[in-house]
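Enquirer:
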Amino acid sequence: MKNKYSFIALIIFLFVGPFLFPNATITEMLIFGIVAISTNIMLGYTGMLSFGQALFFGTSAYISGLMLLGGFPLFLAIPIATLGSFVISLFIGYFCVKREGLYFICLTFAFNQMFYFIAYVWTEVTGGEDGLVGVERPAYIDTQLTFYIFTAVMFLFAVIALYKIVTSPLGLIFKLIRENASRAEAIGYNVRFYKLISFSIASTFTGLAGSLYVLIHSMVPIDQIHWLKSGDIIFMTLFGGVGSFLGPLIGVVGYIWLSDTFSIIWARWPLIMGVIFAIVVLYFRGGVSELLENLFKKYKSISRKTEHEQDIKNTKLN
Amino acid sequence: MNKILKIQNLTKNFGNVSAVSNVSIEVEEGTIHSIIGPNGAGKSTFFNMISGVIPPSEGSVYYKDKDITGFESYKLPHMGIAKCFQITNVFPKLTVRENVWASIFSCSHKSKIDLFKSMNDFETIDKETKKIITDVGLSHKIDDKAEELSHGQQRMLEMAITLGAKPDLLLLDEPTQGLAPEATVEMTELIRKLSKNYTILLIEHKMHIVMEISKIITVLNFGEKIEEGSPKQIKNSKKVQDAYLGRK
Chain R
1 MKNKYSFIAL IIFLFVGPFL FPNATITEML IFGIVAISTN IMLGYTGMLS FGQALFFGTS
61 AYISGLMLLG GFPLFLAIPI ATLGSFVISL FIGYFCVKRE GLYFICLTFA FNQMFYFIAY
121 VWTEVTGGED GLVGVERPAY IDTQLTFYIF TAVMFLFAVI ALYKIVTSPL GLIFKLIREN
181 ASRAEAIGYN VRFYKLISFS IASTFTGLAG SLYVLIHSMV PIDQIHWLKS GDIIFMTLFG
241 GVGSFLGPLI GVVGYIWLSD TFSIIWARWP LIMGVIFAIV VLYFRGGVSE LLENLFKKYK
301 SISRKTEHEQ DIKNTKLN
Chain G
319 MNKILKIQNL TKNFGNVSAV SNVSIEVEEG TIHSIIGPNG AGKSTFFNMI SGVIPPSEGS
379 VYYKDKDITG FESYKLPHMG IAKCFQITNV FPKLTVRENV WASIFSCSHK SKIDLFKSMN
439 DFETIDKETK KIITDVGLSH KIDDKAEELS HGQQRMLEMA ITLGAKPDLL LLDEPTQGLA
499 PEATVEMTEL IRKLSKNYTI LLIEHKMHIV MEISKIITVL NFGEKIEEGS PKQIKNSKKV
559 QDAYLGRK
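Chains R and G, in that order, give the protein sequences.
Here my numbering is used: the first residue of the first sequence is 1, the next is one more, and so on.
Here my numbering is used: the first residue of the second sequence is 319, the next is one more, and so on.
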């Protein structure tokens, strides 16, 4: 039931979003929504913290951008870029899941920076420091609104696919690993294999988002493959809340809206984001989604109490 | 009688220290075979080598005449060997139902495609889950999270998870550890009941339980096998008495 309401709210958001935010902003929100929700499969469901998601986001953006520049159609560029992320995630994930905790984080970080430096020095292909520029959207999604609709469809496809995964036995296995990996192994699950699957799912969908991102501003800035972007992804996911399926989307909307708002007011705006992050980590471990859920529960219990008191009064009067 | 598990000269060295040295046992199908010994005898190391947690330095483990020495622990449930841990080892934030369901699913799903189906598509697993939970007396807690159960109930859940794998051989590592006297009686009864359908290799240090339910007892001391026999033989063994009293 809770999920049903969440999905109704999501559909309403998709319709209302373009009236609340500029088209480019709401499109960016949906793209990073895919990133954060898929990252949460790995972070919230499986308990693996990766500082390498920008690697997949950036690489897919480059592949997609280069294919479009080379004259390939969009409907080929997106799947191939996404497939590229999938293949890379299998290769990198194979090494990363051999280690746990801090060492896993360090490996993902190291791979991220390797890819960043490749993009940085390979200027003739990636544009180096200037980024990959001049990518044009096809005529059918030429306007910001049509591109938004296209992104919203892709977003819905990703959300439904990811939801199917978390409500399948595979989603349960991810939770087993998060809860107690050694016990999961003892009941017959090859933990390393399922960690790799989780890593690949998160990275493939992050890649899908990256392949769309190139179309927002017709370019791939190099910072999209930098580890700081991986940090942003973690921040958005935690800010929204890893405890619920759609929680990370709230984090994305909040993060992008806050950064857009503060960056106009004050050049040192990341300082404010840092303070907000510290408050979330210290006091709202479940992120904004858990905070909203608790407030809703509190409101419901108060209204129930008031109703109950009213009933008692009425009984006495009668 | 058929020997379901044969362990030959199992040895584990940690540097110069030998935790288990040349231990051989054979477990008869359909019996309870217990491993006992004073603290530091090497029982847990021995158990961990059989269950694939740590590889042995030397020796072999045969299950149904197949060499399974050093097999990764996740492969064993698929062959019919399930393990119950010494320390309560459940999935705390998941419900009792999910804990047991996952265990049954692990050994019963046919292909990787099943991983992507809806959880509601597995009617047989749902039924089996309910049955096992009822068997261990937790049906009234089926939708509670494992972390909300009492310690005794968590031990029962631990047992239910182990049974979910539908094993032929149960490896039980001190299943009554930390249980209140009433819960210990319940657990002992459950083990006795299980022995009708499963072969059990039991590590336990509560002597009265071991003596009451085992068919064969192997005694370890300082990593070596010092005695093996029926409960009566073990009770009367001078070597065992000396080991427990610390006499040389």
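Just so you know, even glycine gets a beta-carbon here, dropped at the ideal spot from N, CA and C.
Check the Cβ-Cβ distances between G/Met474 and every residue of chain R, and say whether any is below 8 Å.
Expert: By one-based count along the second sequence, residue 474 of chain G stands at place 156. By the rule that beta-carbons nearer than 8 Å mark a contact, G/Met474 does not touch chain R.
Enquirer: In the structure shown, what three-state DSSP assignment does R/Gly321 receive?
Expert: Limits of chain R in this structure are 1 at one end and 318 at the other, which puts residue 321 of chain R out of reach.
Enquirer: Looking only at C-alpha atoms, which of G/Phe423, G/Gly333, G/Cys402 sits nearest to G/Phe440?
Expert: Translated into the one-based positions of the second sequence, residue 440 of chain G becomes position 122. For G/Phe440, the nearest C-alpha among the options comes from G/Phe423.
Enquirer: What's the gap between the Cα of G/Pro410 and the Cα of G/Ala400?
Expert: Here residue 410 of chain G refers to the residue found at position 92 of the second sequence. Here residue 400 of chain G refers to the residue found at position 82 of the second sequence. Going from the Cα of G/Pro410 to the Cα of G/Ala400 covers about 20 Å.
Enquirer: Just confirm the distance between the C-beta atoms of G/Ile509 and G/Ile531, as a whole number of angstroms; I'd bet it's less than 8 Å.
Expert: Within the second sequence, the letter at position 191 stands for residue 509 of chain G. Within the second sequence, the letter at position 213 stands for residue 531 of chain G. Correct: roughly 6 Å between the Cβ atoms.
Enquirer: Between R/Ala9 and R/Ala36, what straight-line distance do the alpha-carbon atoms span, to the nearest angstrom?
Expert: One-based indexing of the first sequence puts residue 9 of chain R at position 9. One-based indexing of the first sequence puts residue 36 of chain R at position 36. If you take the alpha carbons of R/Ala9 and R/Ala36, they lie about 18 Å apart.
Enquirer: Hey, would you say R/Pro221 sits closer than 8 Å to R/Met236, going by beta carbons?
Expert: The residue you call residue 221 of chain R lines up with position 221 of the first sequence. The residue you call residue 236 of chain R lines up with position 236 of the first sequence. Not in contact: R/Pro221 and R/Met236 (Cβ atoms no closer than 8 Å).
Enquirer: Measure from the C-beta of R/Asn112 to each C-beta in chain G and report whether the shortest distance is under 8 Å.
Expert: Mapped onto the first sequence, residue 112 of chain R falls at position 112. Output row for R/Asn112: interface = no.
Enquirer: Comparing C-alpha positions only, which one of R/Asn40, R/Phe15, R/Ile12, R/Thr25 sits nearest to R/Thr261?
Expert: Translated into the one-based positions of the first sequence, residue 261 of chain R becomes position 261. R/Thr261 has its Cα closest to that of R/Thr25, out of R/Asn40, R/Phe15, R/Ile12, R/Thr25.
Enquirer: Hey, would you say R/Thr39 sits closer than 8 Å to R/Ala202, going by beta carbons?
Expert: On the first sequence, position 39 is the one that residue 39 of chain R refers to. On the first sequence, position 202 is the one that residue 202 of chain R refers to. Against a cut-off of 8 Å, the Cβ pair of R/Ala202 and R/Thr39 comes out as a contact.
Enquirer: Can you give me the C-alpha to C-alpha distance between R/Thr204 and G/Ser339, rounded to a whole angstrom?
Expert: Taking the first sequence and counting its residues from 1, one reaches residue 204 of chain R at position 204. Taking the second sequence and counting its residues from 1, one reaches residue 339 of chain G at position 21. R/Thr204 and G/Ser339 have their C-alpha atoms some 49 Å from each other.
Enquirer: Using the Cβ count rule (16 or more neighbours within 10 Å means buried), how would you classify R/Ile302?
Expert: Within the first sequence, numbered from 1, the residue matching residue 302 of chain R stands at position 302. With fewer than 16 Cβ atoms within 10 Å of its Cβ, R/Ile302 is classed as exposed.
Enquirer: Please report whether the beta-carbon of R/Glu290 lies at a distance below 8 Å from any beta-carbon of chain G.
Expert: In the first sequence, the residue the question calls residue 290 of chain R occupies position 290. No, R/Glu290 does not count as interfacial toward chain G.
Enquirer: Would G/Ala290 and G/Leu475 be called neighbours here (beta carbons separated by less than 8 Å)?
Expert: Residue 290 of chain G lies beyond the range of chain G shown here (319 to 566); nothing can be said about it.
Enquirer: Please classify R/Ser38: does DSSP put it in a helix, a strand, or coil?
Expert: For the purposes of this step, residue 38 of chain R is taken as the residue at position 38 of the first sequence. Reduced to three states, the DSSP call for R/Ser38 is helix.
Enquirer: With 8 Å as the limit, tell me which residues of the stretch 187-206 of chain R have their beta carbon closer than that to any beta carbon of chain G; keep them in chain order.
Expert: Of all residues in the stretch 187-206 of chain R, Ile187, Gly188, Tyr189, Asn190, Val191 have a Cβ within less than 8 Å of some Cβ in chain G.
Enquirer: Could you have a look at G/Lys324 and say whether DSSP puts it in helix, strand or coil?
Expert: Within the second sequence, residue 324 of chain G is the residue found at index 6, counting from 1. In the three-state DSSP reduction, G/Lys324 falls in the strand class (E or B).
Enquirer: Confirm, please, whether the CB-CB distance from R/Met219 to R/Gln131 is below 8 Å.
Expert: As a first step, residue 131 of chain R must be located in the first sequence, where it is residue number 131. As a first step, residue 219 of chain R must be located in the first sequence, where it is residue number 219. Correcting the residue identity first, residue 131 of chain R is Gly in this sequence and not Gln. Their beta carbons are under 8 Å apart, which means R/Gly131 touches R/Met219 by this criterion.
Enquirer: Pick helix, strand or coil for G/Val345, following the three-state DSSP scheme.
Expert: Taking the first residue of the second sequence as position 1, residue 345 of chain G is located at position 27. Strand.
Enquirer: So R/Asn180 contacts chain G; which residues on that side make the cut at Cβ distance below 8 Å?
Expert: What you label residue 180 of chain R is simply residue 180 of the first sequence in a count that begins at 1. The answer, in chain order, is Asn407, Val408, Phe409, Pro410.
Enquirer: Within the continuous alpha helix (DSSP H) that includes G/Lys543, where are the two ends?
Expert: Walking along the second sequence from the start, residue 543 of chain G turns up at place 225. That residue, G/Lys543, is in no alpha helix (DSSP H); its beta strand (DSSP E) goes 542-547.
Enquirer: If the cut-off is 8 Å on Cβ atoms, which residues from the stretch 155-176 of chain R count as contacting chain G, listed in chain order?
Expert: Lys164, Ile165, Thr167, Ser168, Pro169, Leu170, Leu172, Ile173, Lys175, Leu176
Enquirer: So with CB distances below 8 Å, who are the chain G contacts of R/Arg321?
Expert: The structure shown has nothing for residue 321 of chain R, since chain R only spans 1 to 318.
Enquirer: Give a yes or no on whether 8 Å exceeds the smallest Cβ distance from G/Ala483 to chain R.
Expert: Stepping through the second sequence from its first residue, residue 483 of chain G is reached at position 165. Yes, G/Ala483 lies at the interface with chain R (some Cβ there is under 8 Å from its Cβ).
Enquirer: Quick one: give me the first and last residue of the alpha helix (DSSP H) that G/Ile350 is part of.
Expert: Translated into positions along the second sequence, residue 350 of chain G becomes position 32. G/Ile350 -> not in any alpha helix (DSSP H); beta strand (DSSP E) instead, spanning 350-354.
Enquirer: Would you mind sorting R/Leu282 into buried or exposed? The rule is 16 or more other CB atoms within 10 Å of its CB.
Expert: On the first sequence, position 282 is the one that residue 282 of chain R refers to. Its Cβ having fewer than 16 others within 10 Å, R/Leu282 is exposed.
Enquirer: Show which residues of chain R have a CB atom less than 8 Å away from the CB atom of G/Ser424.
Expert: Within the second sequence, the letter at position 106 stands for residue 424 of chain G. Chain R residues near G/Ser424: Ile187, Gly188, Tyr189.
Enquirer: Around the Cβ of R/Cys96, are there at least 16 other Cβ atoms within 10 angstroms (buried) or fewer (exposed)?
Expert: The sequence position of residue 96 of chain R within the first sequence is 96, counting from 1. So R/Cys96 ends up on the buried side.
Enquirer: Here's a check: name, in chain order, each residue in its chain whose Cβ is nearer than 8 Å to the Cβ of G/Gly547, leaving out the five neighbours to either side.
Expert: Position 229 of the second sequence, counted from the start, is the residue given in the question as residue 547 of chain G. Ile534, Ile535, Ser555, listed in sequence order.
Enquirer: Short check: CB of R/Phe32 to CB of R/Ile256, under 8 Å?
Expert: Stepping through the first sequence from its first residue, residue 32 of chain R is reached at position 32. Stepping through the first sequence from its first residue, residue 256 of chain R is reached at position 256. It is a contact, given that the beta carbons lie within the stated cut-off.
Enquirer: Under 8 Å between beta-carbons, which chain R residues line up against G/Lys435? List them in chain order, please.
Expert: Walking along the second sequence from the start, residue 435 of chain G turns up at place 117. Within 8 Å Cβ-Cβ: Ser168, Pro169.
Enquirer: Express the C-alpha separation of R/Val166 and R/Asn112 in angstroms, rounding to a whole number.
Expert: Within the first sequence, the letter at position 112 stands for residue 112 of chain R. Within the first sequence, the letter at position 166 stands for residue 166 of chain R. C-alpha separation (whole angstroms): 26 Å.
Enquirer: With C-beta atoms as the reference, is R/Val252 less than 8 Å away from R/Met48?
Expert: Here residue 252 of chain R is taken as the residue at index 252 of the first sequence, counted from 1. Here residue 48 of chain R is taken as the residue at index 48 of the first sequence, counted from 1. Not closer than 8 Å, so no.
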